[in-house]
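Add 22 to a position in the sequence shown, counting from 1, and you land on the number used in the working numbering. For glycine and all other residues, C-beta sits at the position ideal for the given N, C-alpha and C. Note sheet for the following structure.
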Amino acid sequence: MFSRTLRVLASRLSSTSSVVSRTRQPSYGLGLRVLLPRRHERMMSTPPPHLNVSDLPMDRYHVLSEATMDSLLESLETLLDELADSNYEVEYHSGVLTLYLGEKGTYVINKQPPNKQIWLSSPFSGPKRYDYSETDDDWLYSRDSQALGDLLNKELTRALGQPVDLELKGPASQLQ
Numbered sequence: 023m024f025s026r027t028l029r030v031l032a033s034r035l036s037s038t039s040s041v042v043s044r045t046r047q048p049s050y051g052l053g054l055r056v057l058l059p060r061r062h063e064r065m066m067s068t069p070p071p072h073l074n075v076s077d078l079p080m081d082r083y084h085v086l087s088e089a090t091m092d093s094l095l096e097s098l099e100t101l102l103d104e105l106a107d108s109n110y111e112v113e114y115h116s117g118v119l120t121l122y123l124g125e126k127g128t129y130v131i132n133k134q135p136p137n138k139q140i141w142l143s144s145p146f147s148g149p150k151r152y153d154y155s156e157t158d159d160d161w162l163y164s165r166d167s168q169a170l171g172d173l174l175n176k177e178l179t180r181a182l183g184q185p186v187d188l189e190l191k192g193p194a195s196q197l198q
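Next up, the structure:
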């Protein structure tokens with residue numbers, strides 16, 4: 023009885039190519055080989071992270087990132103004062119800027135000195151990592167080359183229902 027059940031099961035499995043294959047793996051005495059997962063095979067639907075190696079000196083990174091974060095904080099404070107909505111708030115502490123937009127979500131923008139990046143977590147577009155581009159004098163996302171300020175202007179304009187321009191372009195030019 024057991025061997026008959028095993029043969030029926032084996033015949034059903036042999037018709038399913040995704041489960042059984044005639045490969046170099048053990049046959050278990052039935053002439054069939056069970057597929058085993060391959061080691062070191064990427065099984066995720068998202069692309070691997072894009073890593074940039076920055077040649078920006080660390081002291082220059084700190085100057086540019088601080089100038090950007092200070093400018094961003096000042097622009098957001100001015101914007102929220104104009105809106106006068108008690109559900110909206112901006113905080114900056116220990117290199118982390120948090121923008122609360124009530125039911126619309128929360129932005130977190132922070133410096134990442136080990137990578138020489140500014141990281142953004144957006145309630146609309148998700149997480150992004152921005153590298154400084156000397157040629158553009160701006161913080162750019164490597165996957166789509168969009169500037170940090172441009173993305174924030176676009177998303178905040180949509181979320182707040184009015185035009186927003188945080189004037190984040192050119193952190194190096196602001197230092198002079």
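(request) Please report how far the alpha carbon of residue 156 lies from the alpha carbon of residue 107, in whole angstroms. (result) Distance between the alpha carbons of residue 156 and residue 107 is about 37 Å.
(request) State the DSSP-derived secondary structure class of residue 156, mapped to helix, strand or coil. (result) Coil, per DSSP.
(request) Report yes if the C-beta distance between residue 135 and residue 141 is below 8 Å; otherwise report no. (result) Taking 8 Å as the Cβ cut-off, residue 135 and residue 141 do not qualify as a contacting pair.
(request) Within 10 angstroms of the Cβ of residue 183, are there 16 or more other Cβ atoms? Answer buried if so, exposed if not. (result) With fewer than 16 Cβ atoms within 10 Å of its Cβ, residue 183 is classed as exposed.
(request) Keeping to the same chain, check which residues put their C-beta closer than 8 Å to that of residue 91; ignore five residues upstream and five downstream. (result) Here residue 91 has 114, 117, 119, 131, 133, 140 as same chain residues with Cβ atoms under 8 Å from its own Cβ, once five neighbours each way along the sequence are excluded.
(request) Rank 138, 197, 175, 171 by C-alpha distance to the C-alpha of residue 84 and give the top, closest one. (result) If we check each option's Cα against that of residue 84, 138 comes out closest.
(message) Measuring straight from C-alpha to C-alpha, what distance separates residue 40 and residue 146?
(response) With a pLDDT of 47 at residue 40, under the threshold of 50, the modelled position of that residue is not reliable, and the figure given next carries that caveat. Straight-line Cα distance between these residues: approximately 38 Å.
(message) Please report the straight-line C-alpha distance between residue 172 and residue 187, rounded to a whole angstrom.
(response) Approximately 8 Å, taken between the alpha carbons.
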